[in-house]
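Here is the structure we will look at.
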Amino acid sequence: DPPGPYAPNMNAWMIYGPFDLSGATDADVWLWHWTKTEANFDFFQVLSSGDGSSYSGYQISGDYTGVAGNINGWNKWDYDLSARLGDSSVWFALRMASDSVVACEKSIKPIPSPNSAMKSHFTRPSSPHRPLPIRPHPA
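Next up, the structure:
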């Protein structure tokens, strides 16, 4: 299991960018996530931006460690960046947000797809089971 628990009042971001999708014909990012949060109060978000400040995307909340298709609690997420095709300045972000009450466990492992615009900046790990914890940035 990933390290935990995560802290209350968390607002942790992992941001990569900007990168250029102006000449891309396909763009997505694969990531493995092990998600167990306080349902409907704490969230794991996968986001993108065209300006580095306004982000949009998807979020999940709750216990995803037992969903169909998981591998020891790990689930694959293919985040489609096709809405950003043609943009010369794109950001990709992972965000963990928690409220002030309950802390559970959360960890992610980003794995770029073969067609990812970021593939030259990441290496594919030998196993999706090595967690990369999201920690708040030190003040």
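First residue of the sequence shown: 101, per my numbering; consecutive thereafter. Glycine included, C-beta positions come from ideal geometry on N, C-alpha and C. Quantities reported herein were computed from a predicted structural model and do not represent experimental measurements.
Could you give the DSSP three-state label for residue i: helix, strand or coil?
i	result
residue 182	helix
residue 114	strand
residue 170	coil
residue 163	strand
residue 200	coil
residue 187	coil
residue 218	Reliability fails at residue 218, whose pLDDT of 40 lies under 50, so the model's placement of it is uncertain and the value that follows must be treated cautiously. Of the three classes helix, strand and coil, the one that applies to residue 218 here is coil, per DSSP.
residue 213	Because the pLDDT at residue 213 is just 46, under 50, the model does not fix this residue reliably, and the value given afterwards should be weighed accordingly. Three-state result, residue 213: coil.
Could you tell me the boundaries of the beta strand (DSSP E) in which residue i lies?
i	result
residue 197	190-197
Report, in whole angstroms, the separation of the C-beta atoms of residue i and residue j, which I expect to be a contact under 8 Å.
i	j	result
residue 173	residue 121	Between residue 121 and residue 173 the Cβ distance is about 32 Å, and since that is not below 8 Å, they are no contact.
residue 107	residue 198	7 Å
residue 167	residue 157	Not confirmed; about 19 Å, so no contact.
residue 176	residue 132	6 Å
Tell me residue i's beta-bridge partners as DSSP assigns them.
i	result
residue 175	133
Mind checking if residue i is an interface residue toward chain D, Cβ cutoff 9 Å exclusive?
i	result
residue 118	Among the chains of the structure shown, chain D does not appear; only one protein chain is present.
For residue i, is the beta carbon positioned less than 8 Å from some heavy atom of the ligand FMN?
i	result
residue 143	The ligand FMN is not among the ligands present in this structure, which contains no ligands whatsoever.
Complete beta strand (DSSP E) runs within the stretch 117-161 (minimum length 3 residues, chain order): With a minimum length of 3 residues, the continuous beta strand (DSSP E) runs that stay inside the stretch 117-161 are 128-136, 143-149 and 155-160.
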